[in-house]
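Chains as they are written, first to last, in the working numbering: chain A, 1 to 166; chain B, 1001 to 1646.
Built from N, CA and C at the ideal position, the CB exists for glycine as well.
Everything numeric in this text was worked out from a predicted model, so none of it was measured.
The structure under discussion appears below in the form of structure tokens.
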Amino acid sequence: MSTKKSGQLFSYDFIISAMVFLFFFSTFFFVWDYLNKQIVWQSDIKDIQGRAALLSDVLVRTGGYPENWTSANVETIGLATGEENVIDPGRLAALNATSYSTARDVLGLGQKYGLHLQLNDTLNNTIFTYGRYPSLPTAVVPISRYVLYDNSTSRPRATLRLILWA
Amino acid sequence: MGLKGRKGIVFTLDVIASLVVLVAAVGVVSLLQHSADLPSVQYGNMNSIALDSVAVLEKSKVRDVDGLPVVRDLLQAGILLGEDRNKTVMDVIGSLWAQGNLTMARNLTESMLKGYLPDKINYEIFMGDTLIYNFTPIADPRTKITASTAVSGYRIGVPTSGYLARAWIGSASGRETKIIEISPYGSGCSSNATSNWWCDRQGGNLTMIKSFELPSTAHDFNGTLYLSLHEEGGSIYGWLNDVDQDLTTYGEGLNKTEGKKKKSKYITDTIYDAMDVYGFRPGNNTLKILLTEPSSYHTHSHPGFVLVVNYTNEKNVDYVQEQQHYEVMPLNYVEGNPMAWGVFPFDIPAGSTINKVSVHVEGRGVNDFGGVYVNNLTVWQDTTPPLNPVVNADVTSLVYQQAGKNATGETNVLSIYFNIRKEDDRITNHATGTVSILNTSYIVLNYTLPTRVQKYGYMSFTQMVPFGGQETLIKTVNFSIGNTEIVSAYLHVAQTANWEIAAAAWHSPEAEPTWDGAKDKWAPIGMQVFKSPTGRNIPSSIYLRPDRLASNSTNFVKVRDGYGSGSPYNYILPNSTVEYAVLAPGTVGYGNVFNTSSGATSDALARLAALIAPYNLTYTAATESSNIAGISWLWSPTRLKVVIGS
């Protein structure tokens, strides 16, 4: 009689308590995993935002290195003429001739991040594009810089839009 | 059912509770990190926009944006010339700002940035402290970023080659005004240091002689004598350079507006009136006033007795005030019976270093009492004075400018009292039977101004402002002074009955001073410019510190009597005036660039004529024309500032 009562107690109380425990335990792990991904994503976003700001500064305020760099000898990519915020068509052409993977390496993005560049005039006509749009990115950071485009006859206002993604 | 049967449940609730706490803690940490990231990112983006905005304005040239309607308008209106196409947009905005054309500066800035910068941010563009353009005002932003750069540039619309000219007045003549003050003097009542006043004798004749200088090149004189006298009975005579002014031809009260009554003698009380006087001459002039045969002790003058002289004279086209000032001020001759008394103001400009102030006083026929005072302090007094006393004294330590006394203003008063004995009458053979303050008496002022004032190409002009209105115990006058430098100012108070006055001066936006009845002074004390040192001690000319008045402002002067032992009938008269002198430029610099020398010279002469038009001068002008080539004109450096807020 006593053996029968012990078995009944085990099966009923244990099952209920185990179910409740498992429910909350699994909820904890789900939340833990979600938050962990969020933190990683936040970290990536923070990193990519910093990189995007720095990269946009390098592109619009410097001319790169060497001074007349080409796809063959580029060490640092910069798009400005001798003046900050004035974009040089020759350097845009040099960038266009540079492979996407080389450009990513030179810009310090490696395989982790991708980029896309687009230069538009004030009527939103595209003057120049480079790079790739993200397909399934985990993080995307767009940044716009306000510049002049130094064509051969004038220097109209333009907007350089940089998208960095992971 | 015992405790053993409940172990599983207790265990489960503990775990659940701890898990809930843990999940909540992880969530809070995650949210904190997420929110902490946002401001720095936003800050970075706004900073980039601000820097880019400055760069675009700084590097865009007019030719790059000549498709903008506002630029086309500037070119078509001639505000921008063809050669300005190579200037930067910032040059043009700055030049428009420097020329005061804020509308065009705003339109150009707007056309450069609106629709170009993102419309989700607010931004403002400043040139110096002037708001040029704002795309929605930044009222109370969470984040605010400023980028600025020092800017200067070449003026737009100015040819870089051609002729320019300047002009200045070589010689000029015009009307000038000089105010000759005659502070109270008299005969009648006697006084000494112990018995004060007694007025039990009929006064004798009273003579006052005032000498003054007019410029040796002056001509076309006219003058107005503001008589402020008190004589009961008797007659009043006046001479200017021995020309009888026929003062008695006016009726009782000497009011010209009531018409001439042709009385050779009259009986009157107090007199205040303005009358024309004749006989001025260049150089030294002498005004003599004689009051005869009074029927009581009242034979004296009151405050406001001044002679205003107008004349045409060659203007001095340079204004120079030497730093070292040494001046000998001769005193008026006063002869009376049984007394001769007078007050003589002197002033030392604010901020000066006093080297020495001394007095030399000579009397004649004094046989009862003599006293000499500066403000309310005794210099000399003697109840048994010599018949013809001579007083020499260094009074430097007694003047108001000394430490602790400057709240009373810069006007000091020398007071002199000479008596003859009661038992003597005016025909007793002591001297002339009268007692006199001799005009060989004088005050010596020796002080050093803070700096030498030299304003080459500037001329001084004197303006007179009457108080007007009704006679009242407290009167205020207000007047505006334009964009010009004030070099001196005086208050001339007119009264027919008086005791003591206190005057204050201020200018907008300063608050009007109030009367502190407990201390008998104007408050704040810094606005008080004069207070009588003793009773009956009211000079006809009171110095106003220039810092109490202001250019481009409304100025106020307020004066009152009737405090202390004063009477509520000690009115300030409407003829009280403020006199001030200002400097006006007599030169214009280089102006616009013209294609011809004659064009540039005509422009310079026209600018000079417009400049001095308010002063009604006859003048000859000198000009200088220069040829320039390839010279651009800068507008002054300032800072261009872009403020971004969100």
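For residue 1628(B), the pairing in a beta bridge is given by DSSP as 1162(B). Look at the stretch 1061-1074 of chain B: the residues with a C-beta under 8 Å from a C-beta of chain A are 1061, 1063, 1064, 1065. The continuous stretches of alpha helix (DSSP H) do not include residue 1380(B), which lies in the beta strand (DSSP E) extending over residues 1377-1382.
Contact between the stretch 1477-1496 of chain B and the stretch 1384-1396 of chain B is not established, with fewer than three Cβ pairs separated by less than 8 Å.
Distance check between residue 1589(B) and each of 1168(B), 1279(B), 1225(B) places 1168(B) closest, using alpha-carbon atoms only. Just so you know, the alpha carbons of residue 1273(B) and residue 1622(B) end up roughly 45 Å apart. Where residue 1107(B) is concerned, the enclosing alpha helix (DSSP H) starts and stops at 1102-1113. The residue among 1646(B), 1645(B), 1638(B) with its C-alpha nearest the C-alpha of residue 1152(B) is 1638(B). Just measuring C-alpha positions, the residue of 1175(B), 1419(B), 1241(B), 1383(B) sitting nearest residue 1314(B) is 1175(B).
Under the rule that a run must span 3 or more residues, the beta strand (DSSP E) segments found entirely inside the stretch 1502-1586 of chain B read 1502-1507, 1514-1516, 1521-1523, 1528-1531, 1553-1560, 1577-1585. For residue 100(A), the uninterrupted alpha helix (DSSP H) run begins and ends at 100-106, by DSSP.
When C-beta atoms of the stretch 1316-1325 of chain B are compared with those of the stretch 1432-1442 of chain B, fewer than three pairs fall below 8 Å, so the two segments do not count as touching. Taking C-beta atoms as the reference points, residue 1491(B) and residue 1542(B) count as a pair closer than 7 Å. Taking the C-beta atoms as reference points, residue 122(A) is found nearer than 7 Å to residue 1116(B). Taking a beta-carbon distance threshold of 7 Å, residue 40(A) does not count as an interface residue toward chain B. Where residue 1454(B) is concerned, the enclosing beta strand (DSSP E) starts and stops at 1453-1456.
Looking at the DSSP output, residue 146(A) bridges to 159(A). Look at residue 1321(B) here: in three-state DSSP terms it is strand. The three-state secondary structure of residue 1170(B), taken from DSSP, is strand. The C-beta of residue 1533(B) has 16 or more other C-beta atoms within 10 Å across all chains shown, which makes the residue buried. When the five nearest sequence neighbours on each side are left out, the beta carbons in the same chain lying within less than 6 Å of the beta carbon of residue 1123(B) are those of 1135, 1644, in order along the chain.
According to the DSSP secondary-structure assignment, residue 64(A) is paired through a beta bridge with 77(A).
Under the Cβ criterion (8 Å, minimum of three pairs), the stretch 1556-1570 of chain B counts as touching the stretch 1511-1526 of chain B.
Residue 1144(B) has a beta carbon lying at 7 Å or more from every beta carbon in chain A.
Taking residue 1354(B) as the centre and dropping the five residues before and after it, the same chain places the C-beta of 1348, 1396, 1399, 1401, 1447 closer than 7 Å to its C-beta, in chain order. Bounds of the alpha helix (DSSP H) holding residue 1607(B) are 1597-1612. With a threshold of 16 other beta carbon atoms within 10 Å, residue 1390(B) falls short and is exposed. Among the CB atoms of chain A, one or more fall inside 7 Å of the CB of residue 1116(B). Taken in chain order, the members of the stretch 146-158 of chain A whose beta-carbon sits within less than 8 Å of a beta-carbon on chain B are 146, 147, 148, 154, 155, 156, 157.
For the stretch 84-99 of chain A, the residues whose beta carbon sits under 8 Å from a beta carbon of chain B are, in order, 84, 85, 86. Exclusion of the five residues before and after residue 1049(B) leaves 1117, 1121, 1644 as the residues of its chain whose Cβ lies within less than 7 Å of its Cβ. Bounds of any beta strand (DSSP E) do not take in residue 1441(B), whose DSSP letter is neither H nor E. DSSP places residue 1364(B) in the uninterrupted beta strand (DSSP E) bounded by 1353-1364. Within a 10 Å sphere around the beta-carbon of residue 1106(B) sit 16 or more other beta-carbons, which makes this residue buried. Beta-bridge annotation (DSSP): residue 1175(B) is paired with 1312(B).
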